[in-house]
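J.:
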Amino acid sequence: MRARLWEEFLSVARALGLSCAGRSDGQWRQVVWREGSQTEDADRVELLRWAEERDETVRVRAGELFDLEE
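Numbering follows numbering that gives the first Met the number 0, in which position 1 of the sequence shown is assigned residue number 0; successive positions increment by one, without gaps.
1) Tell me where the alpha helix (DSSP H) around R13 begins and ends.
2) CA-CA distance, L47 and R60?
3) Using the beta-carbon count (16 or more within 10 Å), is L9 buried or exposed?
4) Just to confirm, are L64 and E39 a CB contact at a threshold of 9 Å?
5) Can you check whether the CB of S18 is closer than 9 Å to the CB of W32?
Rendered as structure tokens:
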């Protein structure tokens, strides 16, 4: 089930033109970015909406956007 959920997350992220990397130790911790431009709050909102609609998720939290180059 986790593999399917992860693939669905990646599909949503890719559809938004996003890339991501991170780890999972019982919790997903991901950094999400867009190559060549900035990720926008609308991207964050869309990923949160997707996660919150999943029956498999218990709690969803996303930090504020920040520039990885800083």
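No residue lacks a Cβ here, since even glycine has one placed at the ideal position from N, Cα and C.
Just so it is clear, the structure is predicted and the values come from calculations on it, not from any experiment.
T.: The structure says:
1) In the sequence shown, residue 13 corresponds to position 14, counting from 1. Unbroken alpha helix (DSSP H) run through R13: R1 to A14.
2) By one-based count along the sequence shown, residue 47 stands at place 48. By one-based count along the sequence shown, residue 60 stands at place 61. Going from the Cα of L47 to the Cα of R60 covers about 8 Å.
3) One-based indexing of the sequence shown puts residue 9 at position 10. Exposed.
4) On the sequence shown, position 65 is the one that residue 64 refers to. On the sequence shown, position 40 is the one that residue 39 refers to. Closer than 9 Å, so yes.
5) Along the sequence shown, read from residue 1 onward, the residue named residue 32 stands at position 33. Along the sequence shown, read from residue 1 onward, the residue named residue 18 stands at position 19. Against a cut-off of 9 Å, the Cβ pair of S18 and W32 comes out as a contact.
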